[in-house]
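38 is the number that our numbering gives to position 36 of the sequence shown; each next residue is one higher, with no gaps.
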Amino acid sequence: MDWVALLIQIVVSAVVIAPVLWMAGRLLSGKEKAKLTDAIWIVILGVVIGTFVGNYLTGWLGWLGAVIMFVIWLGLIKHFFDCGWIKAFIIALIADIIYIIVWLILEWILALFGITVTPPPMF
Numbered sequence: 003m004d005w006v007a008l009l010i011q012i013v014v015s016a017v018v019i020a021p022v023l024w025m026a027g028r029l030l031s032g033k034e035k036a037k038l039t040d041a042i043w044i045v046i047l048g049v050v051i052g053t054f055v056g057n058y059l060t061g062w063l064g065w066l067g068a069v070i071m072f073v074i075w076l077g078l079i080k081h082f083f084d085c086g087w088i089k090a091f092i093i094a095l096i097a098d099i100i101y102i103i104v105w106l107i108l109e110w111i112l113a114l115f116g117i118t119v120t121p122p123p124m125f
């Protein structure tokens, strides 16, 4: 395992995903329960656990790793934002939608300056 790559992935994910997750959490759980630091912890723990699960569940077990990580991400949202499983799923869904909208706006702005970008990574 490359520790430098893991550290870079944690930092980039925290900068990109945590604010979007925080916005979705505040929208549904309220500002008392959804704090930016909680969103950062969700992302850090999700990335670290996902790295280990991805390293050990390879090949035909990859689908099992994806299911496990989906449940872990929902569990992290549920725990840190103090909500139920369904609300955690809706927060994750809204975070994805917000992320895609922000990405599309940034892509459009960059295209005005002649800069092309690749499609957004789906998480």
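For each residue, glycine too, the CB sits at the ideal point set by N, CA and C.
Counted as a single uninterrupted DSSP element, the alpha helix (DSSP H) harbouring Phe91 occupies residues Trp87 to Leu114. Secondary structure at Gly32: coil, using DSSP grouped into helix, strand and coil. Straight-line measurement puts the Cα of Ala97 at about 14 Å from the Cα of Phe72. Only residues of its own chain outside the window of five on either side were considered, and among them Gly48 and Ala94 have a CB closer than 7 Å to the CB of Trp75, listed in chain order.
When Cβ pairs closer than 8 Å are counted between the two stretches, the segment 34-46 is seen to touch the segment 76-91, the count reaching three or more.
Non-local beta-carbon contacts of Ser15 in its own chain, meaning distances under 6 Å to residues more than five positions away in sequence, involve Val45 and Val49 in chain order. Rounded to whole angstroms, Ile100 and Trp62 show a C-alpha spacing of 32 Å.
Leu78 and Gly67 do not touch by the CB rule: their CB atoms are close to 16 Å apart, not below 8 Å.
In this structure, the CA atom of Ala113 is about 16 Å from the CA atom of Ile102. In this structure, DSSP gives Val55 a helical state, which the three-state scheme calls helix. In terms of CA proximity to Leu29, Ile92 leads the group Ile117, Leu106, Ile92 and Trp110.
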